[in-house]
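Residue numbers (my numbering): 341 to 503.
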C-alpha cells in the first residue's frame, strides 16, 4: 500500500512538472522602473506589465518603452496597477481597476489579455474583475514557469528554468 502511494505521488509530480514544459512561460513585474533583461522577455510568452509602478510614473508616459515592449510581439497582460504588496488583497473599486486598464491601453493601444494581482494577494470582493478579464491566481505559479524581472520571485529565475 505504501509503495502504491509513493508511486502515485511520483507519477503526479512528474505529470505536474511536465505540464510546465508545454504551458506558456510568464514574466512578472515588467515596468520601465524595474530593470529587466531582454533575454527574460524573449523567452517568455506572456508579459505581466505594471501600469504605474508604486504610483510614480504611468507607463503610458514612456512611449519609447511601450514601443520596445510591443516589438517583442508577446501576449501582454496586466499585473495590478501600482504593484503594492496587498494591492488586491483588499477590495478595489471599478474606477481603480479601469484606471489601470486606461494606462495600459494608452501605452500599448490594446487591452490586456489577462490580469494577475501583485504577489497573488486577492480577496473575494475583487472577484468581479474576473467577469471582465481572465484572472490568474495561485495555481498559475505551479503550472507555469513564471520569471520576475528583478529576480525576486519565490524561486530564483535560474531555478525556474530547471523545473
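We put the CB at the ideal spot given by N, CA and C, even for glycine.
Skipping 5 residues on each side, what residues in its chain have a beta carbon closer than 7 Å to that of residue i?
| i | result |
| --- | --- |
| residue 410 | 448 |
| residue 383 | 365 |
| residue 496 | none |
| residue 363 | 483, 484 |
In whole angstroms, give me the CA-to-CA distance for residue i and residue j.
| i | j | result |
| --- | --- | --- |
| residue 373 | residue 343 | 51 Å |
| residue 412 | residue 368 | 15 Å |
| residue 408 | residue 440 | 20 Å |
| residue 393 | residue 371 | 7 Å |
| residue 446 | residue 481 | 28 Å |
| residue 486 | residue 341 | 36 Å |
| residue 350 | residue 360 | 16 Å |
| residue 502 | residue 414 | 23 Å |
| residue 505 | residue 403 | This structure does not reach residue 505, given that the chain is present from 341 up to 503, and the question cannot be answered. |
Comparing alpha-carbon positions, which option in the options lies nearest residue i?
| i | options | result |
| --- | --- | --- |
| residue 430 | 408, 465, 417, 456 | 465 |
| residue 475 | 428, 382, 500 | 428 |
| residue 425 | 503, 493, 498 | 493 |
| residue 405 | 434, 469, 375, 477 | 375 |
| residue 432 | 398, 470, 396, 403 | 470 |
| residue 460 | 402, 386, 420, 348 | 420 |
Determine the DSSP secondary structure at residue i, reduced to helix, strand or coil.
| i | result |
| --- | --- |
| residue 436 | helix |
| residue 417 | strand |
| residue 459 | helix |
Beta-carbon within less than 8 Å of residue i's beta-carbon, same chain only, minus the 5 sequence neighbours each way: which residues are those?
| i | result |
| --- | --- |
| residue 418 | 388, 389, 391, 440, 441, 444, 452, 454, 455, 456, 473 |
I'd like the ranges of any beta strand (DSSP E) spanning at least 3 consecutive residues and lying wholly in the segment 360-406. Those beta strand (DSSP E) runs which fall completely within the segment 360-406 and span 3+ residues are 366-370, 386-389.
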